Structures are given as structure tokens and as C-alpha cells.
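Chains as they are written, first to last, in this note's numbering: chain A, 1 to 306; chain B, 1001 to 1215; chain C, 2001 to 2287.
Presented below is the structure to which this report refers.
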Amino acid sequence: MRMRNLVATLGVAALALTVGACGKDDSPTAGGGGSTTGSCGDLHKFTVASGADVTGSPTFTKMKARGHAVVGVKADQPNLGYKDANGKRCGFDIEIARMVSAQLGLDPDKIEYQEIPSANRETAIGGGQIDYYVGTYSITDKRKKLVSFAGPYFVAGQDLLVRKSDTSMDAGKTALKGKKVCSATGSTPIQRVKDEQLTEASNISEFKTYSECVSQLLDNKTDAVTTDDAILKGYAANAPDELRVVGKPFSTEKYGIGLPLTDKALRDKVNAGLESSFTDGTWKALYDETLGKSGAAATPPSLEKY
Amino acid sequence: MLSVLTDNWELFRDGFWTTLRLFLVAGVLSLILGTVLAGFRVSPVTALRGIGTGYVNTLRNTPLTLVFSFLFFGAAKTQLSLPTFFWAAVAALTFYTSAFICEVVRAGINTISPGQAEAARAVGMTFMQVLTIVVLPQAFRAIVPPLTSVLIALLKNTTIAAGFSVLEAGAIPAAMAERGENQMLTLVWITIGFLILITPLVFLQRWAERRTAVA
Amino acid sequence: MSAVLYDVPGPRARLRNRILNVVVIVAVVAVVIWLVLRLNDNGQFAARRWAQFEYKAIQKELLTGLLNTLRAAGAATVLALIFGAVFAAARISDHKWVRVPATLVVELFRAIPLLILMFFFYYGSLQYHLGLTPFHAVVFGLTLYNGSVLAEIFRAGISAVPKGQREAAYAMGLRKNQVVRLILLPQAVRAMLPAIVSQLVVLLKDTALGFIITYNELLYVAKQMGGRLEFGFPYIPTYMVVAVIYIGLCSLLSLLARYLEARTRRNRKIAPGTTVTAAPLDDGGAA
């Protein structure tokens, strides 16, 4: 008897879920169009290259056979790699990922995105969980031993995100001593804070994502979030009354596209594609549509082929 | 194989030391809170029983990660949060574990023969006296084996704090990935560390089981 | 049962209990009101923080997350039950060379934190190109840990059947296989059911560890929703909703456990006075 009740409850619950599954298709943005915040707009249109081939690239063969690319990205960085409440992705990194896919002859609208936190990037690329990674991934010598990089496609600098009213860290990195600093586990910025001992070890906190750090900042549990200015500007643009970027970058972060270590053929192909986008104006168009909205104009970096 | 451990010795040492501290502090606190809750659940006051039951049913059915998430990202929004992430982790582990300890203690109380409590009441003891002087001391002996199981689970559960800015043993893999070390060997060493920590607890459990079996 | 600790209250005790009741209820209500006000002051109930739930895409993601949670839990339940049965059988074997390794395996997997077990599969697969997805890592991790606990539950259940049953069966000339299969298991299973179901609740809850190794389950979706700055980091609203879902699911299973327990008690045909309930190894879930 009671068993039957249980089944009935389950049935009702399932029904409620199906009936309840109705809602908005699009965002009810209060601020109207044109704002840098909120939901993603239209993505750039790319022409898919026909007959693209990369001889000697196992990764490309895999992608081709599958019919689409599996790309590792971030999902919580406004204007870089972001997924909005409609499930749409946008940002500079996303556009770069789409461009690479199109240049490889694979429809960018079919890309399968996987969100890989900073700490898992090398294993995910090395193990083939993803084909390539585009997500504020700084090129460093240490990482070059584990993965291979195409690019850089953008140059950023480590900076500080603070509460709007807090002016105590306006001097930049030297003012960090004694301050609580937060960043993402396994990221270059946190490593720099540790290596240069910019603040005491007990003042450092690490979370899986930057948005968790920003949340801690707003709740006064940390005094600054440190990572690349491009990322921080996106957050500041989303909460201009509460947050601001200090604006004294203290490093040069070259963003690369992470590829499997041994796949040199694919790296050359991706580099060639990046190069042509630098010269034919595509790069600039992508920048203006995304990052350009929260920062100044920029010029394409120069590639580092190795 | 050995160099993975020796080259990063300070990382493993600090990690497991934090694990141990989390375990000890949260263990003691959840024993206290769990016993108090068990007292609630057997008390003559209906409202207290309700609190005990509600607490246990809620916490036992919530994933520990969610308890952590609430304390780390939720509580801060109400200015209710604890001074450091370590203490927030201790709080999360304590809230979660005490629900299980409460149930173990309650089951232990139920194993005491009614005659004991009746005799205690007959000599004029109050509810608190019956519970603390007569019933609990006897119950604790019977509940050592299941209690140890809960504590072993607590020890292993401390690894979840790694996802919440507490650098304990569970955070070692991420730090080792940063250093470009072999992940599998790292995991093997962490496993060995946990085996070392857990073995004494298992022996305590076996010993207590034998003792109660004889009694 | 708990009435053992105190007498039937007299008039004064009744009055005191009533006063205590009122005091406690007032205190609890006060704390709840204070919390709600506090959250309200912080704008946690502001429409903007709850707006995400109105989006079709978000609802779909939550549903996908829920289904992924259930999928992992379902697969791990089946595998863990098989693992548990096999290793329980091995642990009660008459052959030492079967018994000892089985015991070691069970003890080992009970001692490793579940998160580390999942890491083994996740990192191991990526390092040695085994082609396992995060889903596999979650399921295999859950299987090894919960399977080992279930093996212990099965073993304890079988050894809790009164000795006379076994002896009588042997006396009738049944072989070990027959004794276990025909005499012990049918009696033990009924007694073990509540413990098994409680362990399955633990398993269901532990799927929530999957987000750490990028498995797209319910908590993963919740974290992503909470991390949207444009909605004011709605961690509290999102976690509240997800907690209700988890508690609902687990409570359903717990209800099932209680129902089975009650049925066991009703149907007890074994000699009264013998406790046949397997010691519940419900040890607070792993990780």
C-alpha cells in the first residue's frame, strides 16, 4: 500500500518536472541592448574551409572522423569565455576556438565545448579528453613540457581586482603584503604570488574558478582577486558599482591555444590560421566584438613559433 | 617512485598535517554536537525531539559538498561566516558528521536495558542524570565500533575541503599537477598516507568489536 | 523505546515540558526569522537572483544535471551490488587463497577516500589513454567504494543468521553452495535490506563529488548558475533549490529503507529474541 504511495509520489514529481519545464527563451535584460553585461549576442560568422587537411596530425584525424571539434574552454569569464543563462557561449576565446575550427574545415557551430578548470588543463589535453584548449591559457616554459602551444593570440598582464572603495592596493603588486589574495587553483597568477611571496602564504586562497574568488571578494572574505587584466575587466564591467581593476599590470601573459604535446603538424596549421587572421582583419573584428567592449583598442601579438 | 614523495616532502607533510588537524578538531566537535543531538532525540520535550529529527534527516540526505558550498559561498552572504577557510571546513564537516554520530549514539542508547534507566529513576535521578551518569557511559561502549566507522568516514571526507581552499591531502594532486609531477604516483602516495592514518582506527574498531562480543 | 529514560510525566513535569516546548519553538522560530531577514537584507530573495530559473536553457541544464546524477547513481548501484555479492561470497569462502585477497581488496577500497578513487580513474585514464570519460571515473569510483561496503553488509547479514540454521542444513547433507544459496541468503537478504538501501543513499549523495572531475551532474550545474555575476552570484538561491532536490531524492530512498525495515519487523518468522538485522554500516558516506 505504502509502496504504491511512493510510486504515485514519484509519478507526480516527474509530472511536475515536465510541466514545469516551460520558461523564457530569451533574456529579459533590464538594461536593454548594447550593454557589455548579461547575455551573449550574435557570434561572428566564419566561412568553413573546404578540403582542409593536416597531414601527420593524429588529433586532426580524430576530429575529422568525429565530424566536429571538442574544445576545452572556460565558462565564467565575461567577454573571454562565457556561457550565459540561455546556454549560449561567447567571448574572445570562444571566437578564437570557432575560428580555428572553421579553418580546419569543421563547422564551428558544431563544436562540443568542455569546461576544464585550470588545474586539469594539462591532463585533459595530454589525455585526449579535448582536441584543443582555448581559455586564457598562458604560455609558460613549464607547461611547454606537457602541452604544445599555438599562438600567442593575445597578450594580457596580471592585475588586481579590488572592491571599488578600497584604494589601499592602488600601488599594484607591492601593496599586496598583508592583504588576502584569491585566485584559481593551478593558474599562473597564483603561482607568481607564491613564488615572489607577494603576500603571506596564509593570506592566499584558491578556488576552482575565478568567479568563486570574485564572490569571496564581494563578501569581504578576500581583499583582491589576481589574474590577467582581460579577465578582471570582464568582471568589473559586470559590477561597475562594486568592483574595479587597479590597472597596474605586473606581468606579461601570452595566451596560447593548448594542443597535444607531440602534434607539431596541427600546431603549424593553427599558427598559420592565426597569422592570416592577424593580417586580414579577422582578429581585430573578433577583438572589437568581444574584449574591445570593456577595454582599449589592441593590436595582434606576434606569433612565437617553436 | 620514492622521489615523487621526497622531492615534494613539504607538500605531503603540510597536506596530511592539515588533514589530521581537520579530522581531530571536527571529530571532537561532532562527538559533542552529535551526543547533544542524540540527547535531544530521546528527550521528553517534543520540540527538542523535532529539532533532532529534522536536523538528522536534513543533514544525512544532503551531499557533504553541498554543505561545504553553503558554508563557503552562502554563509558569507549573511555575514555569518567563520574567520578562516580552515574553520569553515571544520564547521561543514562537524555539521555533517554530527548527524551520523547522533544516530549511532541514539542506537546505542536504545541498546541499554530498560532496567538500568528504571533503577536510576527509582533512586530519584532526573532525566539529565539518568542520561549522563547511567545510560551514556554504558552506551558509549557498545557504540565504539559503529562510531569508529563514522570517524573513518570523517577522515576520508576531509578530502572534500580541497575544493574549498583548504590545503589538505586532497589538494596535493592539484599542486603536484602544477609542478608537472606524475599524477598516478602522487595518488599512490596519498593512498598510502590514508592507509597509515586509518589502520589504527580499524584496529580500535576490531578490538572494541571483540570486547563487546565477549560482554 | 526512548520513554525508558523518563517517567510518565506528572502534572509538574508536564507543565515544565510544555514551557520548554514553547521556549524551544520560540527560539527556533526566532532564529529562522532572523536568518530569513538577514538573507532578505542581503537581497538574496531579490528577483534578479532567482531569475535564472525562468530560463528554458537553465531548466534544461538542471534536468540534464539531475539525469546525469541519476544515471551515474543507477549504473554505480548495479555494479556495486554485483561487486558486493562477488566479494562477500569470496570472503566467506572456505579457501584461504580466495578469502584473504578478497578481504584485502575490500579493506583497501574502504580505506581510500572516494575522491582519490575517482582521481585514480580520471587521471589514470588521461595519463595512460584508457579512454574513460568522467562519467566512468565517477561510476567506477562509486562502485569500488560502495561495493566494498556492500560486501561487508552482505557478509555480516549472512553471518547473523542463527547458527542452528546452518548446522541443520549441513546435517541434512546440503553442500556449502546450497546452504548459502537456499538457507542463509533468503533469510539474510530481508534483514540486510535497510542497510543496503541506506548505503545506496550514501552512493546517491556521493555522485555530487563528480563536479570535481568535470562530470556534468546536478551540483556542477548549480555551481555554474551560482557563479554568474550578472545575476549577483546567486549561490544561496541555487543551492537552496539543489538541496531540496537532493534531500527529496534521498528522503524517498530513506523512506523506502524505513518501509522495508518495518516490513521486515512485521514478517519476522525467525525465533523471537534473535537479532538478525545486519549491523548497518551506514557510516556517513565516503569521499
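All residues carry an ideal CB built from backbone N, CA and C; glycine is no exception.
Source: prediction; values computed, not measured.
Buried/exposed call for residue i, threshold 16 Cβ in 10 Å
i	result
residue 1203/B	exposed
residue 320/A	Residue 320/A lies beyond the range of chain A shown here (1 to 306); nothing can be said about it.
residue 2144/C	buried
residue 1003/B	exposed
residue 144/A	exposed
residue 2041/C	exposed
residue 1126/B	exposed
residue 2048/C	exposed
residue 131/A	buried
residue 2128/C	exposed
residue 1007/B	exposed
residue 2172/C	exposed
residue 304/A	exposed
6 Å Cβ shell around residue i - same chain, five flanking residues per side excluded
i	result
residue 244/A	164 and 236
residue 92/A	80, 290 and 291
Span separating the alpha-carbon of residue i from that of residue j
i	j	result
residue 154/A	residue 290/A	13 Å
residue 1179/B	residue 74/A	22 Å
residue 1191/B	residue 2109/C	10 Å
residue 111/A	residue 2132/C	20 Å
residue 1209/B	residue 2165/C	24 Å
residue 2058/C	residue 84/A	9 Å
residue 2076/C	residue 2027/C	43 Å
residue 2258/C	residue 1177/B	45 Å
residue 2242/C	residue 306/A	48 Å
residue 1070/B	residue 1195/B	30 Å
residue 118/A	residue 227/A	12 Å
residue 2158/C	residue 2083/C	16 Å
residue 2210/C	residue 2202/C	14 Å
residue 2125/C	residue 2064/C	25 Å
residue 54/A	residue 96/A	19 Å
residue 181/A	residue 49/A	45 Å
residue 1092/B	residue 285/A	48 Å
Residue i at chain A interface by Cβ criterion, 7 Å
i	result
residue 1181/B	no
residue 2058/C	yes
residue 2217/C	no
residue 2229/C	yes
residue 2055/C	yes
residue 2052/C	yes
residue 1178/B	yes
residue 1073/B	yes
residue 2233/C	yes
Cutoff 7 Å; reference residue i; Cβ partners in own chain excluding five residues on either side
i	result
residue 150/A	256, 257, 259, 267, 270, 271 and 274
residue 1182/B	1004
residue 2155/C	2088, 2091 and 2092
C-beta neighbour in chain C for residue i, strict 7 Å
i	result
residue 1008/B	no
residue 107/A	no
residue 131/A	no
residue 1190/B	yes
residue 1137/B	no
residue 123/A	yes
residue 1164/B	no
residue 235/A	yes
residue 303/A	no
Cβ of residue i within 7 Å of any chain B Cβ
i	result
residue 219/A	yes
residue 211/A	no
residue 2124/C	yes
residue 2244/C	no
residue 2159/C	no
residue 119/A	yes
residue 149/A	no
Contact test: residue i Cβ vs the ligand SAH heavy atom, cutoff 6 Å
i	result
residue 1189/B	The ligand SAH is absent from the structure shown, which contains no ligand whatsoever.
(request) Any chance you could list the beta strand (DSSP E) runs of at least 3 consecutive residues sitting entirely within the region 1020–1061 of chain B, in chain order? (result) none
(request) At 3 residues or longer, and completely inside the region 205–245 of chain A: list those beta strand (DSSP E) runs for me, N to C. (result) 224–228 and 243–245
(message) Please give the ranges of any beta strand (DSSP E) in the region 145–208 of chain A, keeping only runs that are unbroken, at least 3 residues long and fully inside the region.
(response) 147–156, 158–163, 181–184 and 204–207
(request) Entirely within the region 2085–2158 of chain C and at least 3 residues each: give me those beta strand (DSSP E) ranges in chain order. (result) For the region 2085–2158 of chain C, there is no continuous beta strand (DSSP E) assignment of 3+ residues that stays within its boundaries.
(request) Kindly provide the ranges of any alpha helix (DSSP H) runs that are 4 or more residues long and lie completely inside the region 1119–1176 of chain B, ordered along the chain. (result) 1136–1157
(request) Could I get the ranges of all uninterrupted alpha helix (DSSP H) runs contained in the region 2206–2235 of chain C, with 4 residues as the minimum, in chain order? (result) 2218–2226
(request) May I have a chain-ordered list of the beta strand (DSSP E) segments no shorter than 3 residues that lie completely inside the region 49–87 of chain A? (result) 70–73 and 81–83
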